[in-house]
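K.L.:
The sequence shown: position 76 = 71 (the numbering used here), numbered continuously.
The structure that follows is given in the form of structure tokens.
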Amino acid sequence: MRKNLKNTVLWLFSIICGIFLAYLLIGGIIKKRSLDKNLEYSKAIVTDHFYTIRYTDYFSYKFSVGENEYKGSGKHYPASDTFSVGDTIIVVYDGSNPDNNKPKRDY
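In structure tokens form, the structure reads like this:
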């Protein structure tokens, strides 16, 4: 009885993990395809927010589409990047969902 319950819990946990990983993978693919299909370009301004997550450096930027302002981030390569706060960069964004954006060089 106890072993049967343990196997059932393990089986359910495995299914839930599989569904979660599929959700992340499929969500990323859908987001990338939408960006490819509805690609737009804009100029963005580098903001004063530089940060590090797991030994990877990132920077933040903001850009406008119509009356709305959007924010995004991209990888920062301190050894080779020459931009600083207030500089202008080119970003690509999804015309149907501008929250889906990235720096042009990361696209």
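All C-beta atoms in this analysis are idealised placements derived from N, C-alpha and C, irrespective of residue type, glycine included.
None of these values were measured; they are calculated from a predicted model.
List the residues that DSSP assigns as beta-bridge partners of P93.
P.N.:
For P93, which the question treats as bridged, DSSP gives no partner whatsoever.
K.L.:
Quick check: what's the CA-CA separation for D123 versus W6?
P.N.:
In the structure as shown, the chain begins at -4 and stops at 102. Residue 123 is therefore absent and cannot be evaluated.
K.L.:
Measure the beta-carbon distance from Y65 to D94 and round it to whole angstroms, keeping in mind my assumption that it falls under 8 Å.
P.N.:
Confirmed, about 6 Å.
K.L.:
Does the Cβ of V4 have 16 or more other Cβ atoms within 10 Å, making it buried, or fewer, making it exposed?
P.N.:
Exposed.
K.L.:
Measuring straight from C-alpha to C-alpha, what distance separates E62 and I10?
P.N.:
Computed Cα separation, rounded: 44 Å.
K.L.:
State the Cα-Cα distance for the pair G23 and K97, rounded to the nearest angstrom.
P.N.:
Near 13 Å, if we compare the C-alpha coordinates of K97 and G23.
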